[in-house]
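Visitor: Submitted below is the structure of interest, expressed as structure tokens.
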Amino acid sequence: MTYNALNQYKQNTVFTATPEELTLMLYNGGIKFMNISKYSIENNDIEKAHEALIRAQDIIIELNSSLNMDYEVSHNFRQLYGFIMDKLIDANINKQIEPIEEALEILTEIRDTWKEAMKDVKKRVYQNRQV
0 MTYNALNQYK
10 QNTVFTATPE
20 ELTLMLYNGG
30 IKFMNISKYS
40 IENNDIEKAH
50 EALIRAQDII
60 IELNSSLNMD
70 YEVSHNFRQL
80 YGFIMDKLID
90 ANINKQIEPI
100 EEALEILTEI
110 RDTWKEAMKD
120 VKKRVYQNRQ
130 V
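Letter 34 of the sequence shown, counting from 1, is numbered 33 in numbering that gives the first Met the number 0, and no numbers are missing.
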């Protein structure tokens, strides 16, 4: 019963999230799966590492495909996502944590910047409503 309630909560969270919140969820998911893959490689659980790396790759593919290429910054993100994807593939082929750490550092920085941008936008919207 508790498992069903948790799944329902997660589903509702996704269905009611703004596009900005969905992007943040993707970043968090990518980071989570990269950390799982690192841990799995360190503990010689190759199958679990592979599964986690595939999930992280799927998230990067989704982030990349959702870019609006009408904006110059999207081209920069596309290059970053391509680099992250290359590192994840390399990590999966060679079962090494170094490429994961490189990808993780970049994705964490992007995620943290995204969170700050979301806070700034909410703050401005709130201030404009007060005027």
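Ideal Cβ positions, reconstructed from N, Cα and C, are used throughout, including at glycine.
Just so you know, these numbers come straight off a predicted model, no measurement behind them.
(1) Identify the continuous alpha helix (DSSP H) that holds ASP89 and give its terminal residues.
(2) Since LEU52 and SER36 are thought to touch, with beta carbons under 8 Å apart, how far apart are those beta carbons, to the nearest angstrom?
(3) My understanding is that ALA55 touches PHE76, with C-beta atoms under 8 Å, so please give their C-beta distance in whole angstroms.
(4) Leaving out five residues on either side along the sequence, give the residues of the same chain with a beta carbon under 8 Å from the beta carbon of GLU108.
(5) For TYR26, which residues from the same chain have a beta carbon less than 7 Å from its beta carbon, with the 5 sequence-adjacent residues on both sides left out?
(6) In the DSSP assignment, find the alpha helix (DSSP H) that holds ILE58 and state where it starts and stops.
(7) Which of the three DSSP states is assigned to ASN67 in this structure?
(8) Return the first residue and the last residue of the alpha helix (DSSP H) that ILE30 is part of.
Guide: Reading from the atomic positions:
(1) Here residue 89 is taken as the residue at index 90 of the sequence shown, counted from 1. Unbroken alpha helix (DSSP H) run through ASP89: 71-93.
(2) For this step, residue 52 is matched to residue 53 along the sequence shown. For this step, residue 36 is matched to residue 37 along the sequence shown. Their Cβ separation, rounded to whole angstroms, is 5 Å, which keeps LEU52 and SER36 in contact under 8 Å.
(3) Residue 55 sits at position 56 when you count from the first residue of the sequence shown. Residue 76 sits at position 77 when you count from the first residue of the sequence shown. Actually they do not touch by this definition, with Cβ atoms about 16 Å apart.
(4) For the purposes of this step, residue 108 is taken as residue 109 along the sequence shown, with counting starting at 1. Result list for GLU108: empty, nothing under 8 Å.
(5) Position 27 of the sequence shown, counted from the start, is the residue given in the question as residue 26. LEU106, ILE109, ARG110 and TRP113.
(6) Reading the sequence shown from its first residue, position 59 is the one you call residue 58. Unbroken alpha helix (DSSP H) run through ILE58: 45-64.
(7) Within the sequence shown, numbered from 1, the residue matching residue 67 stands at position 68. In this structure, ASN67 counts as coil in the three-state DSSP scheme.
(8) Within the sequence shown, residue 30 is the residue found at index 31, counting from 1. Residues 18-41.
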